[in-house]
Structures are given as C-alpha cells and as structure tokens.
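Residue numbers for the sequence shown follow this note's numbering, so the first one is 1044 and each next one is one higher.
Glycine included, each C-beta is placed from N, C-alpha and C at the ideal position.
Here the structure comes first, spelled out in structure tokens, and everything after it is commentary.
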Amino acid sequence: MTGGTGGRAADGAGGEPAVPAVHLVIVTFNRSAYLRGLLDSVLALDPAPAGVTVVDNASTDDTPEVTAAFAAAAPFPVRVERLPVNSGGSGGFRAGVRAVLEATATEDAAWLWLMDDDVVAVPDALAAIGPFLADAGAVHGRRWDENGRPFFWQNRFNTWLGIPLPVPGDVFRSGPVTRTDVGCFEGMFLDRHTAERMGPPDARFFLTWDDAMYGWLISRTEPVTYVDRYVLRKVRPQRHVDLGVRHLNDSSDLSRYHVMRNRGHVAHYLQVEHAWSRPGFAVGTALTAAKELVRLLLVERRVGGVVPLWRGWRDSRTILRDRTWLPEMGAAAAGTPETGTPEGDA
C-alpha cells in the first residue's frame, strides 16, 4: 500500500519534482521563546508550507501573543488550536492531526509535518525532503542537535522486546533512503491518507512511546522511511553521554514516569497486532528501566528519579490488567478487537 497523493505527481520549473502540499502541525506548552524561534524559521522556509496548525497545550505564558503575531505575518493559512488543559505531546498531536484532517482538503494538506516547539526548521527542508515523499506512509528526515552534530535516533523496533534499538554503523551507506519501523513526532512527515486510515495519535500516552508505536503500526502495512536529508535542528540544550552504540540525553521525572507507565499501552498494541511475547516484553521492560537508571547516574548524576520509574511501572500493570482497553490508533482501531489481558510483568 502506498502513501497516496504525496509524491512526484507534478513537475515544477526545470522538470524538478514539485513539493506536495505540506501542512505543519506544531505542539507547544509554555515555551514561547523556543516557539518564536521555530515560527520564525517556518516563515523562512523556501518553498513555504501550505499551512500551519499550532496546538497550544493550555500555555500560561505569552504563547497566545506569539501565535497571533505569527498568524498575522504568515503568507499561508494559520490555525491555532488552544486546548483547555495540557494533554501532553500525545494529546496535542491528536488534536492537531484531527484538526488538519477535518479542516483542510487534500490539495491543501497532502502531507502533515509534525514537530515539537524546541526545534527550528532548516530553510530548504521542504525542497530537500519533497522528492522522497512518495510510496510511503511516513517519512523522517534527519536532525541536527543543538551543537550542530547529527541527532541520535533509534530507528528499529524489536517486536519481541517491545522496544526500539539502535542500529550500529551508517544506515545510509547503501543510499539516501532506509526503511524503518518506528515513528518520531519530532519531524515525522505523515501522508494524509495514512493519517485518515490510522486515525490521530493515542492521547492516553501523554508523553513518550506514542510516536514510536504510531510509526510501528504504519509499518505493518506501509513503508516508513528515514532519509539522509536534514530538515530540523534541535535548539534546546541537553546534557548527554555517548556510549558508542547509543547516546543518552537528560530527561525529566515526568518523562521517566511515562516511559514506564506507557509500557502497558505498548503491550496492548502489540497484542492487538498479534506480536505479543510475555517473556520478551518483560525483558524489554527491564532493559527500559535499566536504561533510565543509567541515564540518571551517568547523565543527570542523581538517584531521585527512581521513584517516578517505580510508580510508572506500577501503573503500567494496572493498564495491562484493563480488560476494557481498546486501540485508538491503527487499522484495528476501526473495529472492535479482542485485546484480552496480557499476563506477566510489564
């Protein structure tokens, strides 16, 4: 199954493939300074996007003023979705994707470009990625970190463990495009028809795992690709350590809690897709906890984050035992799957 209209359907000047209509979806919460920098970079995109939807997750700073100024300056349609409460990145992207699908036509939003507020767009990002927006449900470009180095991304999902794993070596050694089976909402290009089939992201995740699982679910029926073209640059400074095969950035107690808690949702989605392994998933959960402990000790140099990890693991077990759980994204979400209740520790 291909990605629908987002391809080389028409040629631009000089026979170059035309860039399809790309609509940006930006989720923000109380980081107006970062948001202002991102929106300034969006105004500098050449070619320009077809439109922008900014989801304001009930910010209490001057985000409304920043988005209003951007809407007044933009030469393309701008929509601001202000949510009544902070619904996390997951809820923000759910609201943003839903708004674009409901409020725009295909010719105005053939592709959705999803991103957080702490990045800036590379000026030629759409021209660089445009030729690769064909025959895929989702496409990821590369990112620079805040120091101008390639941003590390784990782009392979191990189904038995239920976790993404790093790929050693240069994934682009054979060409500029490689297949992947996870997603990242910090820069994912999402085909509109794929979004309509999948539905918006699952807001229950709040933070973390939502994009990984969204990409994995897409990859079950359509290609998901990773392209050797830089489209974003991270601007929020992060402490990190390089462990060779992978990098670890600093995190937060809120994120740590959801990393463990959302294992319950991950387990259910794996079961819906008949990819559940109780022993494998238990090992993957233990590896997830171990990674977070290493992050605490080596990157943040503290141990206070252990409590949120334990709370998240405890709450994941409650989700696992929920016999009423149903998927909210993916092909199975349109039906009434028999999710059951996975057994064992998450």
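Residue interval of the beta strand (DSSP E) (run including residue i)
| i | result |
| --- | --- |
| T1071 | V1065 to T1071 |
| M1158 | W1154 to M1158 |
| R1199 | R1199 to N1201 |
| L1208 | I1206 to L1208 |
Endpoints, alpha helix (DSSP H) assigned at residue i
| i | result |
| --- | --- |
| G1323 | R1321 to V1337 |
| R1306 | R1306 to V1315 |
| D1234 | D1234 -> not in any alpha helix (DSSP H); beta strand (DSSP E) instead, spanning M1231 to D1234. |
| F1113 | T1106 to A1116 |
| P1243 | Careful: P1243 lies outside any alpha helix (DSSP H) and carries neither H nor E. |
| L1363 | V1349 to L1363 |
| E1145 | G1131 to A1146 |
Beta-carbon spacing of residue i, residue j below 8 Å
| i | j | result |
| --- | --- | --- |
| L1275 | V1165 | yes |
| A1152 | F1119 | no |
| R1199 | D1224 | yes |
| G1226 | V1267 | yes |
| G1205 | A1310 | yes |
| R1272 | A1171 | yes |
| W1203 | S1320 | yes |
| A1332 | L1363 | no |
| M1372 | Y1257 | yes |
| K1277 | D1089 | no |
According to DSSP, residues forming a beta bridge with residue i
| i | result |
| --- | --- |
| R1276 | V1163 and W1187 |
| V1097 | I1069 and V1123 |
| T1221 | Y1269 |
| A1374 | None; A1374 has no bridge partner. |
| V1182 | F1232 and T1268 |
| P1211 | P1211 is not bridged to any residue. |
Closer than 7 Å: residue i CB and nearest the ligand SAM heavy atom
| i | result |
| --- | --- |
| A1114 | Ligands are entirely absent from the displayed structure, and the ligand SAM is therefore not among its contents. |
Residue i burial status per 10 Å Cβ neighbour count (16 or more: buried)
| i | result |
| --- | --- |
| V1163 | buried |
| G1046 | Residue placement at G1046 cannot be trusted, given a pLDDT of 35 that sits under 50; the coordinates are not used to answer. |
| E1124 | buried |
| V1062 | buried |
| A1085 | Checking the sequence shown, residue 1085 turns out to be Val, not Ala. Buried is the call here. |
| P1127 | exposed |
| E1265 | buried |
| T1382 | Note that T1382 scores a pLDDT of 41, beneath 50, so its modelled location is shaky; the value from the coordinates is reported in the next line. With 16 or more other Cβ atoms within 10 Å, it is buried. |
| S1295 | exposed |
| H1317 | exposed |
| L1157 | buried |
Does the region 1096-1111 come within contact of the region 1175-1189, defined as at least 3 CB pairs closer than 8 Å?
Contact between the region 1096-1111 and the region 1175-1189 is absent, because fewer than three Cβ pairs lie under 8 Å.
Taking contact to mean at least 3 C-beta pairs separated by less than 8 Å, is the region 1133-1141 in contact with the region 1197-1217?
Flag = no, the region 1133-1141 and the region 1197-1217 do not touch.
Does the count of Cβ pairs from the region 1305-1314 and the region 1250-1257 closer than 8 Å reach three?
With a cut-off of 8 Å, the region 1250-1257 and the region 1305-1314 count as touching, because enough Cβ pairs lie within range.
Are the region 1072-1081 and the region 1106-1120 touching, with three or more C-beta to C-beta distances below 8 Å?
With a cut-off of 8 Å, the region 1106-1120 and the region 1072-1081 count as touching, because enough Cβ pairs lie within range.
Quick check: the region 1139-1156 against the region 1232-1247, are there 3 or more CB pairs under 8 Å?
Yes, the region 1139-1156 is in contact with the region 1232-1247.
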